[in-house]
DNA sequence: TTACATTATATAGCAGGCTAATGAATTGTG
DNA sequence: CACAATTCATTAGCCTGCTATATAATGTAA
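Chains as they are written, first to last, in the working numbering: chain A, 1 to 165; chain B, 1001 to 1165.
Below, the structure is given as C-alpha cells:
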C-alpha cells in the first residue's frame, strides 16, 4: 500500500497549480520574443530595461530594479552587460556618490525605432487577442497586490485561505 | 527634439506588457513558496519535479522535462541535484541504455506528507481565491495552445495580430 | 553489415534569478 | 562632533533557464 507516499488522489498535480501556469506560460512567451529581440541583440530582461530607460533616461540602478520587480543584485550585472554591449553607460551621481545613474547611449536610443515593431510581431507569434491580454494583466496585478497586502500585514490574524497552489 | 529616441507616446510601457505581468507575478508567487518549500529542503522547480514523480515514479528524464515544460538540458542537472540531496536515484534503463529512469527514494516518498500542506499554506500567503486561480490557469493554457498552434503552422499565411506585447 | 540518421542524456557556456555579505557614502542621533 | 544606522551598489555563491555540442545507443537503409 503506497497510498501514503504517492499521490493516488491527485492532490498535487502540476497542471492544477496556478504558479506553474504563469511560470510556464511566461517562459513560452519569452521564447517567442527571442527571435524578435535578436534583431536588437538584447535579451528579454534587457529589453524590459530599455523600455524603462526610454521612459526615463538617467534613472538609478535601484529604480530599474524596482520597475522590473527584480532584486538590485540582479539588476547590476544586467546593466553591466548592457554597458558592455554599448547600449548604456553608468555614472556615479555627483550629489550622492552611493547612487549610480544609467544613461542610454546613441545606440541605445536608436534601438527604440527597431523596438517599435516588436509588440506587433509578438502578437503575430502568440496570436492572443488584446482583450485576453488586458484581462490577464489585470488579474496578474490583482494577485501581486494581494501578496503585498498580506505581506505587509505583519499582524496576520484572520487570513483565511484556499488551495490555489 | 528627442521624440524619435524616447518613448514620449508611451508605446512601449512595461506595465502594458502581458509577458511582464506573467513573468513578474510568477516570480512573486515563487518567492512566497520559498519559505514553505524550505521545510522540505527543495526549490520550486524541484518541488514540481517531485509532483510529477509522486504521480509516476520511475519516469524518464525527458518525461520530467516535458511535464515541467523545460528543456532536457535543464532537467538533467535539476535531477542531479535532487539525487545529491538523496531524494531520487537515477538508473540506466536495461532495455534501452540511452534512457535514464528517475526513482524516488524513501526520503523522496516521505516528503509527500509534508508537501500536502503546501497548497493550503501558499493560499494563505497569496490570498487568491480559487475561482481566480482556475480562471488564470485556463487563460494561461489557452495562450500556450495558441502559441503551439501558430508555431506548428509552418504555412503561416493569414495570421492577423494585435499588440499584446 | 556498414553507413547514416535518430534518439536520450550529458556537458559547456552564457544570462538571468535569488540570498547573503561587503564596501562606501550619507543620514540620524546622542 | 562622533558613532551608529541606513542606503545604494557590488560581489560571491548557488540554482535555474537557454542553445549548442558531444557521446553513446538504437534504428534504418543501402
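Beta carbons are placed, not taken as given, at the ideal position from N, Cα and C, and that holds for glycine.
Every value quoted in this text rests on a predicted model; they were computed, and no experiment measured them.
Please name the residue or residues paired with residue i in a DSSP beta bridge.
{"i": "residue 145/A", "result": "Per DSSP, none; premise fails for residue 145/A."}
Along chain B, which residues have their Cβ under 7 Å away from the Cβ of residue i?
{"i": "residue 25/A", "result": "1022, 1140, 1143 and 1144"}
{"i": "residue 115/A", "result": "1012"}
{"i": "residue 125/A", "result": "1150"}
Given a cut-off of 8 Å, decide if residue j and residue i are closer than it, judged by their beta-carbon atoms.
{"i": "residue 102/A", "j": "residue 87/A", "result": "no"}
{"i": "residue 61/A", "j": "residue 75/A", "result": "yes"}
{"i": "residue 1116/B", "j": "residue 1039/B", "result": "no"}
{"i": "residue 147/A", "j": "residue 1032/B", "result": "yes"}
{"i": "residue 100/A", "j": "residue 1143/B", "result": "no"}
{"i": "residue 1022/B", "j": "residue 29/A", "result": "yes"}
{"i": "residue 1014/B", "j": "residue 118/A", "result": "no"}
{"i": "residue 108/A", "j": "residue 50/A", "result": "yes"}
{"i": "residue 1007/B", "j": "residue 44/A", "result": "no"}
{"i": "residue 1140/B", "j": "residue 25/A", "result": "yes"}
{"i": "residue 36/A", "j": "residue 121/A", "result": "yes"}
{"i": "residue 1057/B", "j": "residue 1104/B", "result": "yes"}
{"i": "residue 1068/B", "j": "residue 1046/B", "result": "no"}
{"i": "residue 166/A", "j": "residue 1125/B", "result": "The structure shown does not extend to residue 166/A, since chain A spans only 1 to 165, so no value can be given for it."}
{"i": "residue 137/A", "j": "residue 1018/B", "result": "yes"}
Name, please, each residue of chain B whose Cβ falls closer than 8 Å to the Cβ of residue i.
{"i": "residue 13/A", "result": "1051 and 1055"}
{"i": "residue 7/A", "result": "1051, 1054, 1055 and 1112"}
Residues of chain B with CB closer than 9 Å to the CB of residue i, please, in chain order.
{"i": "residue 102/A", "result": "Ordered by position in chain B, no residue passes the 9 Å Cβ test against residue 102/A, which lies about 14 Å from the chain."}
Consider the C-beta atom of residue i and the heavy atoms of the ligand GTP; say whether any pair is separated by less than 7 Å.
{"i": "residue 1010/B", "result": "Ligands displayed in this structure: none; no statement on the ligand GTP is therefore possible."}
Mind checking the region 54 to 69 of chain A against chain B and listing, in chain order, the residues whose C-beta falls within less than 8 Å of any C-beta there?
54, 55, 57, 67, 68 and 69
> Listed in chain order, which residues of the region 1079 to 1098 of chain B have Cβ atoms closer than 9 Å to some Cβ of chain A?
Replying inline: none
Checklist line | Whole runs of the alpha helix (DSSP H) within the region 90 to 128 of chain A, excluding any shorter than 4 residues | finding: 106 to 115 and 118 to 126
| query | In the region 8 to 95 of chain A, which residue ranges form an unbroken alpha helix (DSSP H) of at least 4 residues, counting only runs that do not cross its ends? | reply | 18 to 38, 44 to 55, 61 to 68 and 72 to 84
Taking a Cβ distance cut-off of 8 Å, strictly less, list which residues of the region 25 to 47 of chain A are near chain B, in chain order. So the close ones are 25, 26, 27, 28, 29, 30, 32, 33 and 44.
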